[in-house]
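In what follows, a single structure is set out as C-alpha cells and then discussed.
Residue numbers (mature numbering (1 follows the signal peptide of the UniProt record, and there is no 0)): -17 to -1, 1 to 70.
Structure below.
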C-alpha cells in the first residue's frame, strides 16, 4: 500500500510539473533606421518671381496748427527706500 501511494504521488507530481511550462514568445525586434553621412549639396534652385508693390493709399490733409497749450510731463516717482535690517 505504501509503494502504490508513493508511486501515485510521484506520478501526480510529474504530471502537474509537465503542465506548468511557461511559453516563451520571441518578439522580432524592429530595425532602427540610422541616417548615414550627408551627401553632396544639390544644385541651386531658380529665382522666384518678384512681387508687385501694393497700393500706397491716399494722402491725408495736413492738420491745423494748435492753440498755445502747455503740456507738463512729470518725472517718475522716486523708488521707496530699502528696509533697515533688524538688529
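We put the CB at the ideal spot given by N, CA and C, even for glycine.
{"Item": "Where residue 53 falls: helix, strand or coil (DSSP)", "Value": "coil"}
{"Item": "Neighbourhood of residue -14 by C-beta distance below 7 Å, restricted to the same chain and skipping five residues each side", "Value": "none"}
{"Item": "Near the ligand ATP: residue 25 beta-carbon under 7 Å from a heavy atom", "Value": "For the structure depicted, the ligand ATP is absent and the ligand set is empty, with no information on it obtainable."}
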